[in-house]
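Residues in the sequence shown are numbered from 3 upward in steps of one, following this note's numbering. Every residue, glycine too, gets a C-beta built ideally from N, C-alpha and C.
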Amino acid sequence: MLGLLASPESALAATAPKAHPRIAFFTPNSEGNTYWPQVFRIMAFVAQSLGFEFVPYSFGVQNRFSRLRDAVQALSTQPRPDAVIASVVIGQSQGILEAAQSMGIPVFILGPLFPAELPTIGGAPRVQYKNWPALFNWAEEQKGHALAKALLQAAQRHMALADDGHLHVVGLGGDPSWFGSGLRQAGLRRAVAEHPKAVLKQVVPTHWRQQEGEQLTAKLLTRFPQASVFWAASDQLGSGAAQALIAAGKVPGKTAFTGGLDLSELGLDMVSQGQFVATAASPLLSYAQVAILVYDYLQGRDFEAELGSEIEFPVLVATRDNAAQHQRLDQCVQRIDFKALSKAHNPKLARYDFSFDAFREAAGACARA
């Protein structure tokens, strides 16, 4: 068990590194979700390679208060985790950090966090809570913008204009209790504002379910029959949107244009089939980076001096031109030598490299086939 973390100088685990640490992962995974199980699979491969116990927890998306209660209970359950990676919604961070600090457990938060919430937890990692070593952020606004831009460009190329000469845009948003949902929508709005012929008609919130994507797209088509751009805040929502478009007699990629925000297997398949224009996100292997950094931290290899305590992942866009390359690497995850990317396992590693090319190199011939 890790000792209490009392000062910036003692931010590393106070006890000797554990040979086989237990790392818990708190997520909003719920029934029918296709994204988080893929993340779990990647994390499990990292755990097998590096030698730690990976324990995922799925808390759903419906009740943020029960999610906090369940998270605190998981922290207290024996055997306790040696570290926690937590995807949080509004109001959860402080409660999880408080509970974990009392038990000497470091917490690595997956952002983004609501700005109003930051002052209650010190504004940044390693300030008020020394057991909070890092905040990992995915560039949510940029990915929302990148997808919208790709959809608008495709719709413009096909001259999918309404009678008023504009591209009518609708959106399937995410869960408002997560700050990233608003950032993704902000990216959509920025792309529409930048386009001289685009107008945003409506964005509707969801709980990320594919069925919602299908049902709400059908309703939006009734309300806005000349809409041609159907932006979706996740690949699951986009998949549902594509089904609704086909059912309505639309032709994805020709008369209607949709996509998602995950770079997941589902999204890449939809791109390859021509039903998505694009899927945009940080690669799912960014979670492998998180796992490696958490493991190295528990082994006394602090990454702050090199990477800082707030780490943001770059956005990639997969289209039909490059989807196969992403799919090939996804299929080779089990072949990746994650030890080569870890300073704890690879002491000769001078600097971390978690680039797309670095993961491909670590996958060897499998990714180059």
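Where residue i falls: helix, strand or coil (DSSP)
| i | result |
| --- | --- |
| residue 206 | strand |
| residue 104 | helix |
| residue 123 | helix |
| residue 335 | helix |
| residue 27 | strand |
| residue 263 | coil |
| residue 294 | helix |
| residue 140 | strand |
| residue 92 | coil |
| residue 197 | coil |
| residue 241 | helix |
| residue 131 | coil |
| residue 39 | helix |
| residue 350 | coil |
| residue 303 | coil |
| residue 19 | coil |
| residue 50 | helix |
| residue 80 | coil |
| residue 223 | helix |
| residue 274 | helix |
| residue 359 | helix |
Sequence-distant residues of its chain with Cβ nearer than 6 Å to residue i (five each side left out)
| i | result |
| --- | --- |
| residue 258 | 230, 247, 252 |
| residue 164 | 170, 228 |
| residue 74 | 101 |
| residue 397 | Within the shown structure, residues of the chain are numbered from 3 to 371, placing residue 397 beyond reach of any answer. |
| residue 328 | 270, 320 |
| residue 358 | none |
| residue 312 | 137 |
| residue 205 | 173, 175, 187 |
Cβ-based burial, residue i [other Cβ within 10 Å; buried from 16]
| i | result |
| --- | --- |
| residue 179 | buried |
| residue 197 | buried |
| residue 79 | exposed |
| residue 223 | buried |
| residue 129 | exposed |
| residue 260 | buried |
| residue 225 | exposed |
| residue 104 | exposed |
| residue 326 | exposed |
| residue 132 | buried |
| residue 34 | exposed |
| residue 349 | exposed |
| residue 255 | buried |
| residue 22 | exposed |
| residue 356 | buried |
| residue 303 | buried |
| residue 118 | exposed |
| residue 50 | exposed |
| residue 272 | buried |
| residue 135 | buried |
| residue 301 | buried |
| residue 275 | exposed |
| residue 249 | exposed |
| residue 121 | exposed |
| residue 81 | exposed |
| residue 157 | buried |
Paired residues, beta bridge with residue i - DSSP
| i | result |
| --- | --- |
| residue 318 | 283 |
| residue 110 | 87, 136 |
| residue 258 | 254 |
| residue 173 | 205, 233 |
| residue 98 | Paired residue(s): none; residue 98 is not in a bridge. |
| residue 57 | 26 |
| residue 216 | DSSP, once it has assigned bridges, lists no residue as partnering residue 216. |
| residue 313 | 138 |
7 Å CB neighbourhood of residue i in its chain, flanking five on each side removed
| i | result |
| --- | --- |
| residue 366 | 337 |
| residue 317 | 141, 144, 145, 148, 282, 283, 284 |
| residue 353 | 308 |
| residue 361 | 287, 331, 338 |
| residue 235 | 174, 175, 176, 183, 186, 263 |
| residue 10 | With a pLDDT of only 36 at residue 10, under 50, the local geometry of the prediction cannot be trusted, and the value read off the model is given with reservation. Once the five neighbours on either side are set aside, the close Cβ partners of residue 10 are 128, 132. |
beta-carbon residue i near the ligand MN non-hydrogen atom, thresh 6 Å
| i | result |
| --- | --- |
| residue 90 | Although the ligand MN was asked about, the structure shown includes no ligands whatsoever. |
Minimum Cβ-Cβ distance from residue i to chain B less than 7 Å
| i | result |
| --- | --- |
| residue 156 | In the structure shown, chain B cannot be found, because there is only a single protein chain. |
Stretch pair the stretch 28-46 + the stretch 283-299: three plus CB contacts closer than 8 Å: The stretch 28-46 is in contact with the stretch 283-299.
Three-pair Cβ contact test at 8 Å for the stretch 237-245 versus the stretch 197-216: yes
Cβ contact check for the stretch 259-269 and the stretch 198-206: 3 or more pairs under 8 Å: no
Meets three-Cβ-pair contact criterion under 8 Å: the stretch 150-163 and the stretch 114-121: As far as the Cβ criterion goes, the stretch 150-163 does not touch the stretch 114-121, which means the pair count is below three.
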